[in-house]
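Following: one structure in structure tokens, then a few remarks.
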Amino acid sequence: MTILIKNIQLDQQTTDIFIDGKFIKKVGKGLPDKAGKVIDGTGKAVMPGFINGHTHSAMTLFRGFGDDMPLEQWLNEKIWPYEKNLTGEDVYHGVRLACLEMIKTGTTCFNDMYMTYPAVLRAVEDMGLRATLGATIFDFFRPEVAAQFKRETEQNFAVPRSERISFALAPHAIYTVSGGTLQWVRDFAAANRLLIHLHLAETQTEYRNAVKDFGLSPVRYLHKLKLLSPHLVLAHCLYVDDEEIQLLADHDVKVVHNPNSNLKIGSGHAFRYSEMKAAGITVGIGTDGCGSSNNLDLLEAAKIAALLQKGWRCDPTVMPVGEALQCITGNGARILQVNAGKIAPGALADLCLIDLQSYAFTPDFHFASNLLYSASHGSCVDTVLCDGRILMENRRVPDEEAILENAARTARKLML
Ligand SMILES: [Zn+2]
Numbered sequence: 297m298t299i300l301i302k303n304i305q306l307d308q309q310t311t312d313i314f315i316d317g318k319f320i321k322k323v324g325k326g327l328p329d330k331a332g333k334v335i336d337g338t339g340k341a342v343m344p345g346f347i348n349g350h351t352h353s354a355m356t357l358f359r360g361f362g363d364d365m366p367l368e369q370w371l372n373e374k375i376w377p378y379e380k381n382l383t384g385e386d387v388y389h390g391v392r393l394a395c396l397e398m399i400k401t402g403t404t405c406f407n408d409m410y411m412t413y414p415a416v417l418r419a420v421e422d423m424g425l426r427a428t429l430g431a432t433i434f435d436f437f438r439p440e441v442a443a444q445f446k447r448e449t450e451q452n453f454a455v456p457r458s459e460r461i462s463f464a465l466a467p468h469a470i471y472t473v474s475g476g477t478l479q480w481v482r483d484f485a486a487a488n489r490l491l492i493h494l495h496l497a498e499t500q501t502e503y504r505n506a507v508k509d510f511g512l513s514p515v516r517y518l519h520k521l522k523l524l525s526p527h528l529v530l531a532h533c534l535y536v537d538d539e540e541i542q543l544l545a546d547h548d549v550k551v552v553h554n555p556n557s558n559l560k561i562g563s564g565h566a567f568r569y570s571e572m573k574a575a576g577i578t579v580g581i582g583t584d585g586c587g588s589s590n591n592l593d594l595l596e597a598a599k600i601a602a603l604l605q606k607g608w609r610c611d612p613t614v615m616p617v618g619e620a621l622q623c624i625t626g627n628g629a630r631i632l633q634v635n636a637g638k639i640a641p642g643a644l645a646d647l648c649l650i651d652l653q654s655y656a657f658t659p660d661f662h663f664a665s666n667l668l669y670s671a672s673h674g675s676c677v678d679t680v681l682c683d684g685r686i687l688m689e690n691r692r693v694p695d696e697e698a699i700l701e702n703a704a705r706t707a708r709k710l711m712l
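To convert, count from 1 in the sequence shown and add 296; that's this note's numbering.
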């Protein structure tokens with residue numbers, strides 16, 4: 297399939313983009329009209345599809361179910377008791393809703409952590425997004441539970457998947473997964489060239505307990521277990537000192553900031569972006585799951601991230617527009633090791649078209665500024681392509697009504 301996008305705005309210039317199969321083939325003015333499908337880009341701008349560095353997609357089912365509570369209480373009272381009852385079919389409908397929301401808000405790739413992996417995989421395959429899917433591992437420090445999760449992980453890894461989907465290991469956190477299992481994860485990931493996706497240093501409680509239980513802070517504990525590597529993706533990292541930032545940088549560990557979730561759960565706000573950037577760490581941005589951030593709108597998360605940096609540091613120059621957008625495009629691609637996050641020949645054709653015919657883009661002094669600070673919600677996204685396939689055109693996603701209905705019915709059945 298070939299697609300030609302005509303007269304589209306890219307970096308304040310009007311140009312054409314020719315897509316052949318799953319790749320962007322050419323970018324330039326006046327490309328010939330020979331394509332299976334021609335999209336008129338007049339009045340629109342193109343962006344790389346956004347890359348959500350950390351989420352739990354099926355948790356769309358928990359949207360609005362447990363607000364205004366601390367993390368530990370929220371997990372123990374509102375999440376874990378209900379997650380126990382989730383079937384594969386429930387998860388399938390939750391993930392389809394998540395994919396719908398991500399498509400609607402311009403996200404084409406995401407890094408997911410959840411249980412019932414085969415159902416997550418089936419939903420993402422159906423919806424056409426690119427993803428790194430981590431089957432969550434918990435062992436609660438019990439050897440028999442660890443053995444069961446290891447077996448399941450091996451089974452999940454063996455399930456066939458399309459090229460768009462990567463398998464990752466997703467141990468939940470250092471307070472729910474034993475050191476022995478983390479070392480097993482390390483070795484399994486290294487042997488099979490997989491990413492490891494883990495929550496770390498999210499709350500002060502986690503930090504204090506790590507010092508109490510392991511005699512080390514969270515990052516130092518992972519270092520001792522030899523988990524730090526370029527293939528490790530850490531969600532949160534709110535509580536890290538200078539030496540730990542250097543340790544993360546020395547091992548090229550990737551960090552994903554989740555401002556909305558951190559603020560809403562009251563985990564903290566002082567994410568040390570400037571120090572991490574100065575140390576050379578690749579920082580991405582995630583929404584976290586809808587249980588804690590209530591939506592999967594990555595533009596909104598990037599805006600909050602930028603505002604938060606300026607606010608807590610009393611310095612408006614920190615995380616300027618270009619860097620905030622880089623976190624959800626190029627940095628996200630680097631973190632997930634995909635050839636996306638840019639509009640250039642040879643890159644995967646993962647992109648979104650932004651409708652400029654709105655108050656948010658008027659006047660048009662600075663497109664990126666308008667996109668981040670003024671639009672910063674998905675309704676400006678008009679058309680989305682992933683892997684060279686159109687997932688949304690003119691804001692219409694196939695099967696939208698059925699996806700909403702099935703997810704609403706599933707959530708009602710679970711929680712009531
Ligand atoms: Zn999370």
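Quick reminder that beta carbons are idealized off the backbone N, C-alpha and C, glycines included.
Check each candidate in the options and name the one with the smallest Cα separation from residue i.
| i | options | result |
| --- | --- | --- |
| Ala264 | Met365, Tyr503, Thr298, Cys395 | Because the chain in this structure spans residues 297 to 712, residue 264 falls outside the shown range and cannot be described. |
| Gln500 | Ala464, Ala545, Ser563 | Ser563 |
| Ala354 | Lys374, Gly326, Ala415 | Ala415 |
| His495 | Leu478, Asp509, Ala469 | Ala469 |
| Ser525 | Asn590, Leu543, Asp537 | Leu543 |
| Phe445 | Trp480, Lys560, Leu621 | Trp480 |
| Thr613 | Pro439, Leu621, Lys522, Ala602 | Ala602 |
| Asp422 | Val455, Ser570, Tyr388 | Tyr388 |
| Val617 | Asn381, Glu596, His352 | Glu596 |
| Gly317 | Val529, Leu647, Asp683 | Asp683 |
| Ala729 | Glu502, Phe453, Ser458, Gly339 | The displayed coordinates of the chain run from 297 to 712. Any statement about residue 729 would go beyond what the structure contains. |
| His350 | Phe663, Ala464, Trp370 | Ala464 |
| Glu440 | Val473, Ser458, Val529, Leu367 | Val473 |
| Ala575 | Asp435, Leu559, Val549, Ile561 | Val549 |
| Leu700 | Met688, Gln305, Ala331, Leu357 | Leu357 |
Could you give the residue range of the beta strand (DSSP E) that holds residue i?
| i | result |
| --- | --- |
| His532 | 528-532 |
| Ile320 | 319-324 |
| His493 | 491-496 |
| Pro344 | 340-344 |
| Arg685 | 685-688 |
| Met409 | 403-410 |
| Asn303 | 298-306 |
| Gln309 | 309-316 |
| Thr658 | That residue, Thr658, is in no beta strand (DSSP E); it is neither H nor E in DSSP. |
| Gly642 | Counting along the chain, Gly642 falls outside any beta strand (DSSP E), and DSSP gives it neither H nor E. |
| Val552 | 550-553 |
Buried or exposed, going by whether 16 or more other CB atoms sit within 10 Å of the CB of residue i?
| i | result |
| --- | --- |
| Thr383 | exposed |
| Phe346 | buried |
| Tyr777 | The first residue shown for the chain is 297 and the last is 712, placing residue 777 beyond what the model contains. |
| Arg359 | buried |
| Arg516 | buried |
| Asp537 | exposed |
| Asp546 | exposed |
| Cys533 | buried |
| Gly587 | buried |
| Thr679 | buried |
| Thr477 | buried |
| Met343 | buried |
| Leu404 | Checking the sequence shown, residue 404 turns out to be Thr, not Leu. So Thr404 ends up on the buried side. |
Does the distance from the C-beta atom of residue i to that of residue j stay below 8 Å?
| i | j | result |
| --- | --- | --- |
| Thr583 | Asn348 | yes |
| Ala419 | Arg460 | no |
| Leu433 | Thr449 | Here residue 433 turns out to be Ile, not Leu, going by the sequence shown. Yes; because the gap between Cβ atoms is below 8 Å, this pair is in contact. |
| Gly337 | Ile315 | no |
| Ala427 | Ile650 | no |
| Val260 | Lys333 | A question about residue 260 goes unanswered here, because the residues of the chain that appear run from 297 up to 712. |
| Gly642 | Thr625 | no |
| Asp312 | Gly326 | yes |
| Ile577 | Val323 | no |
| Phe319 | Ala629 | no |
| Ile375 | Gly390 | no |
| Arg685 | Gly402 | no |
| Tyr669 | Lys606 | no |
| Arg504 | Ile541 | no |
| Val551 | Ile581 | no |
| Asn407 | His493 | yes |
| Gly475 | Leu521 | yes |
| Ser513 | Ser557 | no |
| Asp386 | Thr706 | yes |
| Glu397 | Asn591 | yes |
| Met409 | Ala331 | no |
| Leu647 | Gly339 | no |
| Met711 | Tyr378 | yes |
Just to confirm the assignment, what range does the alpha helix (DSSP H) spanning residue i have?
| i | result |
| --- | --- |
| Gly424 | Premise fails: Gly424 is in no alpha helix (DSSP H) and is neither H nor E. |
| Tyr471 | Counting along the chain, Tyr471 falls outside any alpha helix (DSSP H), and DSSP gives it neither H nor E. |
| Cys395 | 384-400 |
| Arg630 | 626-632 |
| Pro439 | 439-454 |
What do you reckon, is the C-beta of residue i under 7 Å from a heavy atom of ligand 2?
| i | result |
| --- | --- |
| Ile581 | Ligand 2 is not among the ligands present in this structure, which contains only ligand 1. |
* Please list, in chain order, all residues with a C-beta atom less than 6 Å from at least one heavy atom of ligand 1. => His350, His352, His495, Ala531, Asp584, Gly585
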